[in-house]
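Enquirer: For the sequence shown, the residue numbers in the working numbering are 103 to 298.
Shown below is the structure under consideration.
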Amino acid sequence: MDIESFFQFYRVEFLPAYADLVSFVLKKPKQILTEIENTFSHVAQYFNPTLNSEVKEENLKKAHDHLQRATLDCYKLLWTQMDKELKKIYFDDKARIFAINIREDVFLKKFDDFRTQAKNARIEEIKNVGLNPLSALDKYKETIKTGKYLLSNVDKNKLSKLNTFRAVITTKESIISIAIGVVSGFIAGLLTAPFL
């Protein structure tokens, strides 16, 4: 590992993963910030002129390890958030009918693929703990690609209108129920008044 390879990984692998995550969740997760801080601390030690080359190289390796972990964590956190959003559609037959721009059967199949891909990526990662932490990176990327495809086919405007419609219906049902209750109580009062 040399410093150029480290920064190449930073630019090519970490930054796109981090940008995808932050743009999706609209915040910087603490877990990733901690890994970035740890990475930076080790990079700073790599450039410390008072350390010998062996210690510098060790710090560069540690920095790379933290950056790898941060990259994988970005994809896993992104998958978790995408899964949460997509499940709302997957388990809502009305949303699947009215708020997606692909055939329902395609959406259902792709969502199942999305979940299976994530499971396979996690299995690959676990199999390679301590050996090759990045062996699952391409599998996570493929999973996120599938999630992006699904989310790009969810019509947020239609989904919002569907949810507004549901709220209006629920409100109307509540008002009607209250009105029926009041009228029923009034009628019951009139009918029982002669017997009092």
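The beta carbon of each residue, even a glycine, is placed where N, CA and C say it ideally should be.
So is F300 buried or exposed if we call it buried at 16+ other beta carbons inside 10 Å?
Expert: Any answer about residue 300 is impossible in this case: the structure gives the chain only from 103 up to 298.
Enquirer: So, under 8 angstroms CB-CB, T245 and F216 are touching, yes? Tell me the CB distance rounded to an integer number of Å.
Expert: Looking up residue 245 in the sequence shown gives position 143. Looking up residue 216 in the sequence shown gives position 114. About 6 angstroms; that satisfies the 8 angstroms criterion.
Enquirer: With distances taken Cα to Cα, identify the nearest neighbour of F116 among C176, Y148 and M103.
Expert: Against the sequence shown, residue 116 aligns to sequence position 14. Looking at the Cα atoms, C176 is the closest of the given residues.
Enquirer: Can you tell which of P131, A197 and T152 has the C-alpha that lies nearest to the C-alpha of K258?
Expert: As a position in the sequence shown, residue 258 is number 156, starting the count at 1. Answer by Cα proximity: A197.
Enquirer: Would you list the one or two residues that DSSP bridges to I202?
Expert: On the sequence shown, residue 202 is found 100 positions in, with the first residue counted as 1. Bridge partners of I202: V256.
Enquirer: Using a Cβ-Cβ cutoff of less than 8 angstroms, which residues in the same chain neighbour F126 once the five nearest sequence positions on both sides are dropped?
Expert: Position 24 of the sequence shown, counted from the start, is the residue given in the question as residue 126. Result list for F126: L180, Q183 and M184, in chain order.
Enquirer: Identify whether K189 lies in helix, strand or coil by the three-state DSSP scheme.
Expert: As a working mapping, residue 189 is identified with position 87 in the sequence shown. Reduced to three states, the DSSP call for K189 is helix.
Enquirer: Taking all protein chains shown into account, do 16 or more other C-beta atoms lie within 10 angstroms of the C-beta of K178, making it buried, or fewer, making it exposed?
Expert: Against the sequence shown, residue 178 aligns to sequence position 76. Buried, because 16 or more other Cβ atoms sit within 10 Å of the Cβ of K178.
Enquirer: Could you work out which residue in L239, T273, K229 and A290 is closest to T173 when comparing CA atoms only?
Expert: Your numbering for residue 173 matches position 71 in the sequence shown. Among L239, T273, K229 and A290, the Cα nearest to that of T173 is on L239.
Enquirer: Within 10 Å of its beta-carbon, does G232 have 16 or more other beta-carbons around it, so buried, or fewer, so exposed?
Expert: Along the sequence shown, one-based indexing puts residue 232 at 130. With fewer than 16 other Cβ atoms within 10 Å, it is exposed.
Enquirer: Are the beta-carbon atoms of K241 and A269 separated by less than 9 angstroms?
Expert: Taking the sequence shown and counting its residues from 1, one reaches residue 241 at position 139. Taking the sequence shown and counting its residues from 1, one reaches residue 269 at position 167. No, these two residues do not count as a Cβ contact at 9 angstroms.
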